[in-house]
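Asker:
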Amino acid sequence: MSSTELTRTDLGRALCIITGASRGFGRTVAREMSRLVKPGSALVLAARSADDLRALKVELAESEAGRAGLVVECVVADLGEVGGLESVVRASEEAFSEHMDHIILFNNAASLGDVSRYTQSFTNMAEVDSYLSLNVSSSLCLTARVLQAFPQRPGVRRTVVNISSLCALQPFRSWVLYCTGKAARDMMFKVLAEEEPDLRVLNYAPGPLDTAMQTEARFRTADPSLRKSYLDMFAQSQLLSCETSCAKLTKLLLEDTYTSGAHVDFYEL
Amino acid sequence: MTDVIPTDGRTLGRCICIITGASKGFGRALAHQVCCWLKPGSVLLLVARSETLLQELKEELKGFAVEQQLLVNCIVADLSTQKGVNEAVRVARLESEKENDHVLLINNAASLGDISQFSSFTDLDVVNSYMSLNISSALVLTAGMLQVFPRRPGLRWTVVNLSSVFATEALPSWVLYCTAKAARKMMFSVLAVGEPNVRVLSYSPGPLDTGMQKDILRMTGVDNHPFPCKDSAVKLMKLLLDDDFASGTHIDFFSV
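From first to last, the protein sequence lines stand for chains H and E. Letter by letter, the first sequence follows residues 1 to 269 in the numbering used here. Letter by letter, the second sequence follows residues 1001 to 1256 in the numbering used here.
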C-alpha cells in the first residue's frame, strides 16, 4: 500500500478458501469474494451439501467473475471428520497457482449445538466431543494444514478469518456449547496472531444474521428471556442480512488496518 | 493447620467434596488443605487415574480423616472417557443419600498438551483428544454431578474451575492449552448465569511447583519461578470460606 493510505479495491489474485460455504453467511462470503478477487483467482468452497454447493458453483460460473475465468472448486466434506480436512487442503493445493498473491481462509463452518437444554444436561461425552471436533478442532487443524501447505513467501499475503460471535465474549443461558466453542476459537486465533506477525488474523463477529442458524436459535432456545429476545429481533426486523454484515467484513479486509488477532464486531464499525 | 485463614468457625460444612486430578500437584495439595475445613461426616472423593498414588494420598490423610471423622474415598478413573466420568458420578451418587449441606466439585484434572507451533497441529485426533480431556470432561463431569445432587434448600453447591492466566492471555506455541482454558472459562461462566443456586469460581492458581511446570521448563526452557502448591491451595480455601466471590468470576492467585 502507498503512503497515502489508499484502500485497496480488490483482494488481489487470491486463493480463497471458505468453509460452510453452501448457505448462510458462508455463501454470501463466497459471492462477495467472487466480486472482489482479480482474474486468475480461485475459490475453494467446502460444505457437506453437494446439491447446495453445486447450485452455488453454477451461479458463480454464470456471474461476471465466472465468465471472466474465476475458478470455483467445491469440496463436499464434513470438517468434523479427519478425511474432510484433507480433501479441502488437497483441493486448495490444486487450485493454487504461482501468480496468486493472496491466500484467504474463512473459518466459517459452525453449528449451534443443542440450545434447548441447559448446561447440566450435557452428560454425554460423545455429544460434547463431536461438537468441539467440528467447531474448535477442525478450524485449528484446517488452518494449520493451510499454513503448512502455503508457507510464508515474498509477495504473497495470507489472511485468516474466524467467524466469531458476541457469544465468544459473553455467556448466554442454555448456550453452553456455542459460547464455549466461540470463546475457544477467539483464543485460538489470538494465539495464531501472536505467533505469526506476518499473518493477518481477524476474529469477526458478524452480528445477528437472518439465517437458518438464527431460526434454530429463535425456536429452540431453552432460556425464555433469551428466546424472547431472538423472537423480538425477528419481529422488529433487527436481524441483519448476510450481505449487510459481509459488506463490513469486506471493508475490514480491504482497509486491512485491523489489529491482527483482534475481535471486531459488526456493531463496532 | 494454617494461620493464614481466619479461624472464626467458618467451615466448608458437612460436605461432599470431589477433587479431580487429585493424585499429584495442585489436586493433591488441595486434598490436604480441604480436609482442614470439612465438618465431621463429610466425604472427600479423590479422582485420578493412578490407584497407587491415590492410595498413598489416602494414607497421608488417614490421621486427619480419623480425627475429623471424614470419609476419604479414591476413585480410579480416566475422566477423558465416558466410562471414567460415569464411575466418578456413580460413586458420588452412593454418597448422596447422606445428609450433606454442601457439594464442592473441584475440576482440577488437566493436561499441558504439546507446546508447539500452531501450524504443527494438523492431526484432528490429537487435537480432539486434548479438547476431550480438558474441555468435554469437565463439562460432562460437572453436569453429571449436578444431576446426582439436585439443588434443594439447605444444600450449598460450589463448582471450581482450575483456570490459568492463559485463559485470557494468548501465548505463542501454547494454542492447545490457551484454547482449552479460554473454553473452560466461558463454559463455567455459562453455568454460572444459568444456575443461580450454584456458586461458580474460576481460579487461576499461579505458576506452581508441579510436574506440569517441570514439563513447561523442559519443553520451553522458561522458568516461571513456581511456588509451592500449598500456598495457592490455601488462597483457594480462603476464597471458598469467604464465599463472597461473584459467581462466574475469574480470580487469579496474585489478586487475592
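For each residue, glycine too, the CB sits at the ideal point set by N, CA and C.
If you follow the alpha helix (DSSP H) that H:Leu112 is part of, which residue opens it and which one closes it?
Answerer: For this step, residue 112 of chain H is matched to residue 112 along the first sequence. Counting along the chain, H:Leu112 falls outside any alpha helix (DSSP H), and DSSP gives it neither H nor E.
Asker: Mind checking whether the beta-carbon of E:Leu1133 lies closer than 6 Å to any heavy atom of the ligand NAD?
Answerer: As for the ligand NAD, it is missing from this structure, which has no ligand bound.
Asker: Just the C-alpha distance for E:Lys1238 and E:Val1256, rounded to the nearest angstrom, thanks.
Answerer: Your numbering for residue 1238 of chain E matches position 238 in the second sequence. Your numbering for residue 1256 of chain E matches position 256 in the second sequence. Going by the C-alpha atoms only, they are around 9 Å apart.
Asker: Within 7 Å of any Cβ in chain E, is that where the Cβ of H:Lys228 sits?
Answerer: Locating residue 228 of chain H in the first sequence gives position 228, where the first residue counts as 1. For H:Lys228, the answer is no, since every Cβ of chain E falls outside 7 Å of its Cβ.
Asker: State the DSSP-derived secondary structure class of E:Asp1245, mapped to helix, strand or coil.
Answerer: Translated into positions along the second sequence, residue 1245 of chain E becomes position 245. As written in the sequence, residue 1245 of chain E is Phe, which differs from the Asp given in the question. Reduced to three states, the DSSP call for E:Phe1245 is coil.
Asker: Using a Cβ distance threshold of 8 Å, determine whether the segment 154–163 of chain H contacts the segment 1177–1190 of chain E, with at least three qualifying pairs required.
Answerer: no
Asker: Could you spell out where the alpha helix (DSSP H) holding E:Ile1216 opens and where it closes?
Answerer: Counting from one through the second sequence, the residue named residue 1216 of chain E turns up at place 216. 1211–1220 is the extent of the alpha helix (DSSP H) around E:Ile1216.
Asker: Whole angstroms are fine: how far does the CA of E:Leu1191 sit from the CA of H:His102?
Answerer: Residue mapping note: residue 102 of chain H aligns to position 102 of the first sequence, counting from 1. Residue mapping note: residue 1191 of chain E aligns to position 191 of the second sequence, counting from 1. Going by the C-alpha atoms only, they are around 42 Å apart.
Asker: Which value, in whole angstroms, describes the spacing of the CA atoms of H:His263 and E:Thr1011?
Answerer: Sequence index remark: in the first sequence, residue 263 of chain H carries index 263 (1-based). Sequence index remark: in the second sequence, residue 1011 of chain E carries index 11 (1-based). H:His263 and E:Thr1011: Cα-Cα distance of roughly 42 Å.
Asker: Could you tell me the distance, in whole angstroms, from the CA atom of H:Asp114 to the CA atom of H:Asn124?
Answerer: As a position in the first sequence, residue 114 of chain H is number 114, starting the count at 1. As a position in the first sequence, residue 124 of chain H is number 124, starting the count at 1. Cα to Cα, the separation comes out at about 12 Å.
Asker: With 8 Å as the C-beta to C-beta threshold (strictly closer), list the residues of the segment 1188–1204 of chain E near chain H in chain order.
Answerer: Ser1189, Val1190, Leu1191, Ala1192, Val1193, Gly1194, Glu1195
Asker: The alpha helix (DSSP H) with H:Ser34 in it runs from where to where?
Answerer: Taking the first sequence and counting its residues from 1, the one referred to as residue 34 of chain H is at position 34. Start and end: 24–36.
Asker: What does the Cβ neighbour count give for E:Gln1213, buried or exposed, with the cut at 16 atoms within 10 Å?
Answerer: As a position in the second sequence, residue 1213 of chain E is number 213, starting the count at 1. The residue is buried, with at least 16 neighbouring Cβ atoms inside 10 Å.
Asker: Could you work out which residue in H:Ala205, H:Tyr118, H:Leu231, H:Thr28 is closest to H:Glu216 when comparing CA atoms only?
Answerer: For the purposes of this step, residue 216 of chain H is identified with residue 216 of the first sequence, where counting begins at 1. That would be H:Leu231, whose Cα lies nearest to the Cα of H:Glu216.
Asker: Check distances from the C-beta atoms of the segment 1104–1137 of chain E to those of chain H and list, in chain order, the residues that come in under 8 Å.
Answerer: Of all residues in the segment 1104–1137 of chain E, Gln1117, Phe1118, Ser1119, Ser1120, Phe1121, Thr1122, Asp1123, Leu1124, Asp1125, Val1127, Asn1128, Met1131, Ser1132, Ile1135, Ser1136, Ser1137 have a Cβ within less than 8 Å of some Cβ in chain H.
Asker: Looking at the C-beta of E:Gln1082, does it have a partner C-beta in chain H at a distance below 7 Å?
Answerer: Translated into the one-based positions of the second sequence, residue 1082 of chain E becomes position 82. Taking Cβ atoms only, chain H reaches closer than 7 Å to E:Gln1082, which makes this a yes.
Asker: So that I know if they touch, is there some Cβ in chain H lying closer than 7 Å to that of E:Val1144?
Answerer: Working through the second sequence from its first residue, we reach residue 1144 of chain E at position 144. It is Gly, not Val, that sits at residue 1144 of chain E in the sequence shown. Yes, E:Gly1144 lies at the interface with chain H (some Cβ there is under 7 Å from its Cβ).
Asker: Taking H:Ile163 as the reference, which of H:Ala95, H:Cys242, H:Glu196 has the closest Cα?
Answerer: Position 163 of the first sequence holds residue 163 of chain H. Looking at the Cα atoms, H:Cys242 is the closest of the given residues.
Asker: Relative to the C-alpha of E:Thr1220, which candidate in E:Pro1228, E:Gly1113, E:Asn1161 has its C-alpha closest?
Answerer: Residue numbering aside, residue 1220 of chain E sits at position 220 when the second sequence is read from its first letter. Here the closest residue by C-alpha is E:Gly1113.
Asker: Spatial neighbours of E:Ser1096 within its chain, please: CB distance less than 7 Å, with the 5 preceding and 5 following residues excluded, ordered by chain position.
Answerer: Mapped onto the second sequence, residue 1096 of chain E falls at position 96. Apart from sequence neighbours up to five positions away, the residues of its chain that approach E:Ser1096 with a beta-carbon distance below 7 Å are Val1148, Phe1149, ordered along the chain.
Asker: Mind pulling the chain H residues with CB within less than 8 Å of E:Ser1232?
Answerer: Here residue 1232 of chain E corresponds to residue number 232 of the second sequence, with the count starting at 1. In chain order: nothing, as chain H lies at least about 23 Å away.
Asker: Mind pulling the beta strand (DSSP E) runs of 3 or more residues that sit fully within the segment 191–255 of chain H?
Answerer: 200–205
Asker: Runs of 4 residues minimum, wholly inside the segment 128–194 of chain H: which ones carry the alpha helix (DSSP H) assignment?
Answerer: For secondary structure counted as the alpha helix (DSSP H) over 4 or more consecutive residues, the segment 128–194 of chain H holds these complete runs in sequence order: 138–149.
Asker: Would a check of beta-carbon distances place E:Met1001 closer than 7 Å to chain H?
Answerer: In the second sequence, the residue the question calls residue 1001 of chain E occupies position 1. Annotation note: pLDDT 44 at E:Met1001 (below 50); position unreliable, coordinate value reported separately. It does not: the Cβ of E:Met1001 has no partner Cβ on chain H nearer than 7 Å.
Asker: Assuming E:Ser1204 contacts E:Asp1252 (C-beta within less than 8 Å), just tell me the rounded distance between them.
Answerer: On the second sequence, position 204 is the one that residue 1204 of chain E refers to. On the second sequence, position 252 is the one that residue 1252 of chain E refers to. 4 Å between Cβ atoms; contact.
Asker: Kindly indicate if chain E contains any beta-carbon less than 7 Å away from that of H:Leu134.
Answerer: As a first step, residue 134 of chain H must be located in the first sequence, where it is residue number 134. Taking 7 Å as the CB threshold, H:Leu134 stays off the interface with chain E.
Asker: So E:Cys1036 is in the alpha helix (DSSP H); what residue range does that whole segment cover?
Answerer: In the second sequence, the residue the question calls residue 1036 of chain E occupies position 36. Here E:Cys1036 belongs to no alpha helix (DSSP H), and DSSP marks it neither H nor E.
Asker: Any chance the segment 1048–1061 of chain E sits against the segment 1111–1130 of chain E, with 3 or more Cβ pairs inside 8 Å?
Answerer: no
Asker: Along chain E, which residues have their Cβ under 8 Å away from the Cβ of H:Tyr118?
Answerer: Counting from 1 along the first sequence, the entry for residue 118 of chain H is found at position 118. Here the neighbours are Gly1194, Glu1195.
Asker: Does the distance from the CB of H:Leu245 to the CB of H:Leu209 come in under 7 Å?
Answerer: If you number the first sequence from 1, residue 245 of chain H lands on position 245. If you number the first sequence from 1, residue 209 of chain H lands on position 209. According to the sequence shown, residue 245 of chain H is Ser rather than Leu. Using a Cβ distance threshold of 7 Å, H:Ser245 and H:Leu209 count as a contacting pair.
Asker: So is E:Thr1020 in contact with chain H if we call contact Cβ pairs under 7 Å?
Answerer: Sequence index remark: in the second sequence, residue 1020 of chain E carries index 20 (1-based). No, E:Thr1020 lies away from the interface with chain H (no Cβ there is under 7 Å from its Cβ).
Asker: According to DSSP, is H:Leu43 helix, strand or coil?
Answerer: Here the question's residue 43 of chain H lines up with position 43 in the first sequence. If DSSP states are grouped into helix, strand and coil, H:Leu43 belongs with the strands.
Asker: How close, in whole Å, do the beta carbons of H:Leu70 and H:Ser34 come, if the pair is a contact with beta carbons under 8 Å?
Answerer: Here residue 70 of chain H corresponds to residue number 70 of the first sequence, with the count starting at 1. Here residue 34 of chain H corresponds to residue number 34 of the first sequence, with the count starting at 1. Indeed, because the Cβ distance is near 6 Å, the residues count as touching under 8 Å.
Asker: Nearest to H:Gly80 by CA position, among H:Ala95, H:Ala46, H:Thr28, is which residue?
Answerer: Locating residue 80 of chain H in the first sequence gives position 80, where the first residue counts as 1. Nearest of H:Ala95, H:Ala46, H:Thr28 to H:Gly80, Cα basis: H:Ala46.
Asker: On the CB-based measure, 16 or more other CB atoms within 10 Å of its CB, does E:Asn1197 come out buried or exposed?
Answerer: Position 197 of the second sequence, counted from the start, is the residue given in the question as residue 1197 of chain E. Exposed: under 16 other Cβ atoms inside 10 Å.
Asker: Return the first residue and the last residue of the alpha helix (DSSP H) that E:Val1159 is part of.
Answerer: Position 159 of the second sequence, counting from 1, holds the residue named residue 1159 of chain E. That residue, E:Val1159, is in no alpha helix (DSSP H); its beta strand (DSSP E) goes 1156–1162.
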